[in-house]
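Protein chains in written order, with the working numbering: chain S, 1 to 352; chain R, 1001 to 1399. Yeah, the Cβ is synthetic: ideal placement off N, Cα and C, and Gly gets one too.
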């Protein structure tokens, strides 16, 4: 396989992630059950006449992708690959609401058009006039990971530069339904997510994009070594599957310096992380990030953004630390995520 | 030496048949599946025509042997019927014997249930079981569990080109040695959401659609699911499999012209066809049949025709759109038409383009209107979607 380097990153999230002067250590722990992304000065990125009708996901995606492309100095990638669990959910809800309330009458096409899952990827391509390979993956918590796997294939084929990203929106009624189903915490259940004894996570939204290239450049953050997904695993299979993933990359768990975990405060899924922290990952530097980002289907892209910054700076800010174990610098990082035992992903990064 | 990608199993449900054989019989006897909506209520019932599968959800649940109380969307029900047929057709006994993936695609996902219960489930707890099934990946994971596939499972949504991209990703994963075997395809059911969406875009026909006709009046929506089993050729041979055809070329390009309209000259479509030919190592003259996207909208058929004429010049191969049989099945269309392309290769027959009378003036393309028997070696299938997503795939005969 050819090498894959992360050479540009961009992030819109519930934190001030587009402001270069704000450090990860300045991020504040989320304290709401629903946490919207920070508003951006969209006029800097998008023609003013287009902003009003544009879905939030499209706007976030355009900002994050422009930042990543600018940093890597790329304007026409060989592929644009997007992951989104739910697409532009606000517009889907808007169109659905109109159908139900007006008995299929007086509808306008814009929310329908934007409800299509590939809208963000398409709008990014349209903005760049980029005619290359363009795909959108919509597989819940593994949407972004499949985009990354596709990018690794593409770089091994003929592509030199690939733009990948994740994007998801908060939408009011869907989030309310998720609260009814204990997928999202209610306001009275908010606590330190590490000590949560209730079901559900803190809902959020965001978009993260990355330029991946075959060659290392002055803006390189890290090498993206490999990504693997498992749609479902029993707890006792995780160690085996992780070991074989590392073996495929000529590594073992002993080579991994730091583990970024998807702990999100949902007791139903976090038990898996906590038990791994006590066993398989016991002597590893453990990191978490969803107290800062909240949860959405493609939040692992936020995890990758955080990990890329930590590797480049060779420091892990205190706010991310899940245990006290420290190492002198770190070379190899593993991101592990799952959702209630489904949609497991392993993402392996190396410092350059 | 690059691994060749063999097709060893097919499964399909559409408005013209509940399995591969029924679909084939309908195609060669010019029997379309276009009718009125019967399975659910919509105020457009008497206005539009659709390619509806005439089995209710309850009948599909019975057919699949699922518990009466379940949380399958219709998309998931259709997907499971087609995927089970494909795996059986490929003679797979032990799915875990090789590294096997599952790549599905959808545009509707669980919307058919969401649109019924979105508000009422607040009061009615019974209906809340459909909340998590709204996600596009839900049907994929359900079918993967039923098939016993646990590792590489994913879902693509690139509007009407989705399933073609699923075939392409599957073939690339096999070539890269990441998977030995992969079941690829897509599923979409009819829903009020899509009917009304396309209605607002004013591209639904009130009559049976007429692909490539000068006086075409828009598309008929359809519902369907189809899956193909792809295997690395070396493994298919080792297992003594009957190879039905090969996936020899594929490509994806973006028109980057407009969110919902194709460019006048079909630039993205042309790029996809040219690059697919390049991947297959074929000259345009070696394509014997094009199963076109041919939705019968004013925009698509002109744009696609322009692109075909540009790529194939004076040697435009025999061409037909099968959308007048099935309706436009959105994300599933690429898989439906992939199966029709394989059936064409196996039986040396070009399927007819129904309801055609006069050619589009700009391109003069005259599709095949009666079943045509001739030797076929390479078939090109096109799928284009909103967002400028254009995808082409080439299937080649198994020798």
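Problem set entry | Given residue 1077 of chain R as reference, the closest of R:1018, R:1029, R:1172 and R:1278 once Cα atoms are compared | Locating residue 1077 of chain R in the second chain gives position 77, counting from the first residue. Residue R:1018 holds the alpha-carbon nearest to the alpha-carbon of residue 1077 of chain R among R:1018, R:1029, R:1172 and R:1278.
Exercise. Touch check for the region 100 to 120 of chain S and the region 1193 to 1201 of chain R: three-plus C-beta pairs under 8 Å?
Worked result: Yes: the two stretches touch, three or more of their Cβ pairs being nearer than 8 Å.
Exercise. Thinking C-beta only, is residue 1333 of chain R closer than 7 Å to residue 1392 of chain R?
Worked result: Position 392 of the second chain holds residue 1392 of chain R. Position 333 of the second chain holds residue 1333 of chain R. No, these two residues do not count as a Cβ contact at 7 Å.
Exercise. In chain order, which alpha helix (DSSP H) runs of at least 4 residues are fully inside the region 1258 to 1306 of chain R?
Worked result: As far as the region 1258 to 1306 of chain R is concerned, its whole alpha helix (DSSP H) runs of at least 4 residues are 1267 to 1280.
Exercise. Which residues, in order along the region 1271 to 1282 of chain R, keep a beta-carbon less than 8 Å from a beta-carbon of chain S?
Worked result: Considering only beta carbons, the part of the region 1271 to 1282 of chain R lying closer than 8 Å to chain S consists of 1271, in chain order.
Exercise. If the cut is a Cβ gap below 9 Å, which residues of chain R does residue 11 of chain S touch?
Worked result: As a position in the first chain, residue 11 of chain S is number 11, starting the count at 1. What residue 11 of chain S touches in chain R: nothing, since even the nearest Cβ is about 23 Å away.
Exercise. Taking 7 Å as the CB-CB cut-off, is residue 344 of chain S touching chain R?
Worked result: Translated into positions along the first chain, residue 344 of chain S becomes position 344. By this cut-off, residue 344 of chain S is not an interface position.
Problem set entry | Enclosing beta strand (DSSP E) for residue 299 of chain S [first to last residue] | Residue 299 of chain S sits at position 299 when you count from the first residue of the first chain. Counting along the chain, residue 299 of chain S falls outside any beta strand (DSSP E), and DSSP gives it neither H nor E.
Problem set entry | Beta-carbon neighbours of residue 951 of chain R, restricted to chain S and to distances below 8 Å | Here chain R has residues from 1001 to 1399 only, and residue 951 of chain R is not among them.
Problem set entry | Sequence-distant residues of its chain with Cβ nearer than 6 Å to residue 284 of chain S (five each side left out) | For the purposes of this step, residue 284 of chain S is identified with residue 284 of the first chain, where counting begins at 1. Here the set comprises 259.
For this session: Would you give the residue range spanned by the alpha helix (DSSP H) that residue 1062 of chain R belongs to?
Result: Taking the second chain and counting its residues from 1, the one referred to as residue 1062 of chain R is at position 62. Judged by DSSP secondary structure, residue 1062 of chain R falls within the alpha helix (DSSP H) whose first and last residues are 1057 to 1064.
For this session: Tell me, please, whether the CB atom of residue 138 of chain S is closer than 7 Å to any CB atom in chain R?
Result: Residue numbering aside, residue 138 of chain S sits at position 138 when the first chain is read from its first letter. Interface residue, yes.
For this session: Compare the C-beta of residue 169 of chain S with all C-beta atoms of chain R and state if any pair is closer than 7 Å.
Result: As a first step, residue 169 of chain S must be located in the first chain, where it is residue number 169. Judged by the 7 Å Cβ criterion, residue 169 of chain S is not in contact with chain R.
For this session: Could you list which residues in chain R have their beta carbon closer than 7 Å to that of residue 142 of chain S, in chain order?
Result: Residue 142 of chain S sits at position 142 when you count from the first residue of the first chain. Residues of chain R passing the Cβ test: 1154.
Problem set entry | Residues, ordered as in the chain, of the region 1237 to 1266 of chain R that lie near chain S by beta-carbon distance below 9 Å | The region 1237 to 1266 of chain R vs chain S, Cβ under 9 Å: 1251, 1252, 1253, 1254, 1255, 1256, 1257, 1258, 1259 and 1260.
Exercise. Is it true that the CB of residue 273 of chain S sits closer than 7 Å to the CB of residue 261 of chain S?
Worked result: The count along the first chain starts at 1 and reaches residue 261 of chain S at position 261. The count along the first chain starts at 1 and reaches residue 273 of chain S at position 273. Taking a C-beta distance under 7 Å as the contact criterion, residue 261 of chain S and residue 273 of chain S qualify as a contact pair.
For this session: Name, in chain order, the residues that DSSP records as bridge partners for residue 1222 of chain R.
Result: Reading the second chain from its first residue, position 222 is the one you call residue 1222 of chain R. For residue 1222 of chain R, the beta-bridge partners assigned by DSSP are R:1051.
Exercise. Under 7 Å between the Cβ atoms of residue 1194 of chain R and residue 1108 of chain R?
Worked result: Position 194 of the second chain, counted from the start, is the residue given in the question as residue 1194 of chain R. Position 108 of the second chain, counted from the start, is the residue given in the question as residue 1108 of chain R. It is a contact, given that the beta carbons lie within the stated cut-off.
For this session: Quick one: using the 10 Å Cβ neighbour count with 16 as the cut-off for buried, is residue 111 of chain S buried or exposed?
Result: What you label residue 111 of chain S is simply residue 111 of the first chain in a count that begins at 1. Residue 111 of chain S should be labelled buried.
Exercise. Beta-carbon of residue 88 of chain S versus every beta-carbon of chain R: anything under 7 Å?
Worked result: Position 88 of the first chain, counted from the start, is the residue given in the question as residue 88 of chain S. The C-beta of residue 88 of chain S comes no closer than 7 Å to any C-beta of chain R.
For this session: Report whether the distance from the Cβ of residue 1076 of chain R to the nearest heavy atom of the ligand NAD is below 6 Å.
Result: Inclusion of the ligand NAD in the displayed structure is not the case, the ligand content being empty and no account of it being possible.
Exercise. Ordered along the chain, which non-local residues of its own chain (more than five positions away) have a Cβ less than 6 Å from that of residue 1060 of chain R?
Worked result: Looking up residue 1060 of chain R in the second chain gives position 60. The answer, listed in chain order, is 1077.
For this session: Run the CB neighbour count on residue 1247 of chain R, radius 10 Å, all protein chains shown included, and call it buried at 16 or more, exposed below.
Result: Along the second chain, read from residue 1 onward, the residue named residue 1247 of chain R stands at position 247. Buried.
Exercise. Does residue 231 of chain S get closer than 7 Å to chain R when you measure Cβ to Cβ?
Worked result: Reading the first chain from its first residue, position 231 is the one you call residue 231 of chain S. For residue 231 of chain S, the answer is yes, since a Cβ of chain R falls inside 7 Å of its Cβ.
Exercise. Hey, does residue 295 of chain S have any beta-carbon neighbour from chain R nearer than 7 Å?
Worked result: The residue labelled residue 295 of chain S in the question sits at position 295 within the first chain. Not closer than 7 Å to any Cβ of chain R, the Cβ of residue 295 of chain S fails to qualify, so no.
Problem set entry | Cutoff 7 Å; reference residue 19 of chain S; Cβ partners in own chain excluding five residues on either side | Residue numbering aside, residue 19 of chain S sits at position 19 when the first chain is read from its first letter. Within the same chain, no residue comes within 7 Å of residue 19 of chain S by CB-CB distance, once the 5 residues on both sides are set aside.
Problem set entry | 6 Å Cβ shell around residue 969 of chain R - same chain, five flanking residues per side excluded | Residue coverage of chain R in this structure runs from 1001 to 1399, which leaves residue 969 of chain R outside it and unanswerable.
For this session: Kindly indicate if chain R contains any beta-carbon less than 7 Å away from that of residue 104 of chain S.
Result: Against the first chain, residue 104 of chain S aligns to sequence position 104. Closer than 7 Å to some Cβ of chain R, the Cβ of residue 104 of chain S qualifies, so yes.
Exercise. At least one CB of chain S closer than 7 Å to the CB of residue 1045 of chain R: is that the case?
Worked result: Residue 1045 of chain R sits at position 45 when you count from the first residue of the second chain. Not one beta carbon of chain S lies nearer than 7 Å to the beta carbon of residue 1045 of chain R.
Exercise. Alpha carbon to alpha carbon, what distance is there between residue 78 of chain S and residue 1183 of chain R?
Worked result: Position 183 of the second chain, counting from 1, holds the residue named residue 1183 of chain R. Position 78 of the first chain, counting from 1, holds the residue named residue 78 of chain S. About 27 Å.
For this session: Could you pull out every residue in the same chain whose Cβ sits closer than 8 Å to the Cβ of residue 245 of chain S, ignoring the five residues on either side in sequence?
Result: Residue 245 of chain S sits at position 245 when you count from the first residue of the first chain. In chain order, 226, 228, 346 and 348 place their CB closer than 8 Å to the CB of residue 245 of chain S, counting only its own chain and leaving out the 5 sequence neighbours on each side.
Problem set entry | residue 55 of chain S at chain R interface by Cβ criterion, 7 Å | Locating residue 55 of chain S in the first chain gives position 55, where the first residue counts as 1. Residue 55 of chain S does not count as touching chain R.
Exercise. Excluding the five sequence neighbours on either side, which residues of its own chain have a C-beta within less than 6 Å of the C-beta of residue 134 of chain S, listed in chain order?
Worked result: The count along the first chain starts at 1 and reaches residue 134 of chain S at position 134. When the five nearest sequence neighbours on each side are left out, the beta carbons in the same chain lying within less than 6 Å of the beta carbon of residue 134 of chain S are those of 80, 121 and 125, in order along the chain.
Problem set entry | Nearest-angstrom Cα separation, counted from residue 278 of chain S out to residue 251 of chain S | Here residue 251 of chain S is taken as the residue at index 251 of the first chain, counted from 1. Here residue 278 of chain S is taken as the residue at index 278 of the first chain, counted from 1. Across the structure, residue 251 of chain S and residue 278 of chain S are spaced so that their CA atoms are roughly 22 Å apart.
Exercise. For the 8 Å Cβ check, are there 3 or more pairs between the region 1285 to 1299 of chain R and the region 1210 to 1225 of chain R?
Worked result: Three or more beta-carbon pairs drawn from the region 1285 to 1299 of chain R and the region 1210 to 1225 of chain R are found closer than 8 Å, and the two stretches are therefore classed as touching.
Exercise. What in chain S is Cβ-close to residue 1119 of chain R, meaning under 7 Å?
Worked result: Here residue 1119 of chain R refers to the residue found at position 119 of the second chain. Result: 100.
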